[in-house]
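Top to bottom, those sequences are chains A and S.
Take the first sequence: its letters are residues 520 to 707, numbered as in this note's numbering.
Take the second sequence: its letters are residues 10 to 111, numbered as in this note's numbering.
We put the CB at the ideal spot given by N, CA and C, even for glycine.
Right, one structure below, let's go through it.
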Amino acid sequence: MILASFTDDVGNVLVWAIWVGAAFAFIASGIAVISFGDPFYSALALIVNLASLAVLYLLLESEFVAAAQVLVYAGAVIIMFLFVIAYLGGRADTPWVGGPRFQTVGAVLAAGAIAVEVIVVVTLKAADALGSVHPISASFGSPATVGRLFLSDHLLAFEVTSIVLLVAAIGGVVLGRSVPSEQRAEAE
Amino acid sequence: MSGPGIVAYLVVSILVFSVGALGVLVRRSPLIVLLALEIMLNSGNLALIAFSRRFADGDGQIFALTVMVVAAAEAVVGLGLIVAMSRQKVDLDVDKLTSLRG
């Protein structure tokens, strides 16, 4: 009995430690993404951001979303970003601060206002309502559960999603095409 | 559920969202603006997953996966635009993109 409660405590402390580490890495790497001058380092910081976000998903017991997140982002989106950054070479670099100084101050104030407002509202008004957490079954967040939801209640979303992806793929091809033939004829 | 409650996840989510918003507003490189947009979408996803866990309902996860697809599509189109800009020898600076201004 004592041993059981002891292992529970150790497990709880471990979860807290992992959560604090992941949350800190999530925020710090987010700040790193927007503060590097070289987009290559920003893209690398985004990898840390996505990895710590996947840890937070796992702590929320959403295993399939965590796996999909790592696959889609680390496997596809980041590679695409790194490819474009390498393609552009040094032309993508920009110094840190843009625009006149008052714009920067305004942007910081706006972002800070969003954060403070929502944190105050959530902690003061919603903390009680969100305090209790519903118990979940063992299959919560498993691929089977998510797949069943996608093919039953959310079939329309699933189909629309595939159309969105198709349109994005076509858009990428159209945008990435070399100079259209009429323009080339004019140049000649 | 052991560990921190839902409110802690929401606070982290809004902090990172405001960091992303700051990046979109302050940075001039379109590549970093796109990266900051990804951060904003991801922090929104974290809030969706946290609510999904709170109500023990899988709908939030479906939402998060759909947002992920939209983010991937946005990255494709955005990077395509950046490559097209560099082909047209336009400066990669969002403050100098004024050719559509009336």
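Distance CB(residue i)-CB(residue j) smaller than 8 Å
| i | j | result |
| --- | --- | --- |
| I48(S) | V20(S) | no |
| S95(S) | L101(S) | yes |
| G530(A) | G14(S) | no |
| I23(S) | A634(A) | yes |
| I597(A) | L572(A) | no |
| D669(A) | F677(A) | In the sequence under discussion, the amino acid at residue 669(A) is Phe, which differs from the Asp named in the question. In contact: F669(A) and F677(A) (Cβ atoms closer than 8 Å). |
| V16(S) | T642(A) | yes |
| L569(A) | V589(A) | yes |
| V103(S) | A626(A) | no |
| V86(S) | G691(A) | yes |
| V92(S) | G695(A) | yes |
| A587(A) | M77(S) | yes |
| A45(S) | G53(S) | no |
| A584(A) | L74(S) | Residue identity check: residue 584(A) is Val in the sequence provided, not Ala. A contact, by the Cβ cut-off of 8 Å. |
| V591(A) | I537(A) | no |
| F64(S) | H653(A) | yes |
| G12(S) | V640(A) | no |
| A687(A) | A82(S) | yes |
| L55(S) | Y18(S) | yes |
| A544(A) | V567(A) | yes |
| E582(A) | S656(A) | no |
Closer than 7 Å: residue i CB and nearest the ligand NAD heavy atom
| i | result |
| --- | --- |
| P13(S) | Ligands displayed in this structure: none; no statement on the ligand NAD is therefore possible. |
Next on the checklist: Give me the subset of the region 547–568 of chain A whose CB atoms are less than 7 Å from a CB atom of chain S, sorted by chain position.
Outcome noted: G549, I550, V552, I553, P558, S561, A562, L565, N568
Checklist entry - Quick one, which residues of the region 30–59 of chain S are near chain A if we go by CB-CB under 7 Å, in chain order? => result A30, L31, G32, L34, V35, R36, R37, S38, L40, I41, L44, A45, E47, I48, N51, L55, I58, A59
Checklist entry - Which residues, in chain order, does the region 663–690 of chain A contribute to contact with chain S at a C-beta distance below 9 Å? => result T664, V665, R667, L668, F669, D672, H673, A676, F677, V679, T680, S681, V683, L684, V686, A687, A688, G690
Next on the checklist: Pairs of beta-carbons, one from the region 38–47 of chain S and one from the region 548–559 of chain A, closer than 8 Å: are there three or more?
Outcome noted: yes
Next on the checklist: Contact between the region 59–75 of chain S and the region 659–670 of chain A is defined here as three or more beta-carbon pairs at a separation below 8 Å; is this criterion met?
Outcome noted: yes
Checklist entry - In the region 67–83 of chain S, which residues sit with their C-beta less than 9 Å from some C-beta in chain A, listed in chain order? => result G67, D68, G69, Q70, I71, F72, A73, L74, T75, M77, V78, V79, A80, A81, A82, E83
Checklist entry - Residues in the region 632–654 of chain A with C-beta within 8 Å of chain S's C-beta atoms, listed in sequence order? => result I633, A634, V637, I638, V641, T642, A645, A646, L649, G650, V652, H653, P654
Checklist entry - Along the region 595–612 of chain A, what residues have a CB closer than 8 Å to any CB found in chain S? => result A595, V596, M599, F600, V603, I604, Y606, L607, R610, A611, D612
Next on the checklist: Taking 8 Å as the cut-off, does the region 673–688 of chain A touch the region 596–605 of chain A (at least 3 CB pairs, one atom from each stretch)?
Outcome noted: no
Checklist entry - How do the region 573–582 of chain A and the region 634–647 of chain A stand: do at least 3 beta-carbon pairs fall below 8 Å, yes or no? => result Taking 8 Å as the limit for Cβ pairs, the verdict is that the region 634–647 of chain A does not touch the region 573–582 of chain A.
Checklist entry - Taking a cut of 9 Å between CB atoms, which residues from the region 570–582 of chain A lie near chain S? => result L572, L575, Y576, L578, L579, E580, S581
Checklist entry - What residues from the region 14–28 of chain S come within 8 Å of chain A, judged by C-beta to C-beta, listed N to C? => result G14, I15, V16, A17, Y18, L19, V20, V21, I23, L24, V25, F26, S27, V28
Next on the checklist: What are the residues in the region 84–97 of chain S lying within 7 Å of chain A by C-beta distance?
Outcome noted: A84, V85, V86, L88, G89, L90, I91, V92, A93, S95
Next on the checklist: Which runs of the alpha helix (DSSP H) at least 4 residues long sit entirely within the region 614–698 of chain A? Give them in chain order.
Outcome noted: 620–640, 646–650, 662–670, 674–695
Next on the checklist: Give the list of continuous alpha helix (DSSP H) stretches no shorter than 4 residues that lie fully inside the region 527–600 of chain A.
Outcome noted: 558–578, 582–588
Next on the checklist: For a minimum of 4 consecutive residues, which ranges assigned as the alpha helix (DSSP H) are wholly contained in the region 25–91 of chain S?
Outcome noted: 39–63
Next on the checklist: By the 7 Å beta-carbon criterion, what residues does the region 527–538 of chain A contribute toward chain S?
Outcome noted: G530, N531, V534, W535, W538
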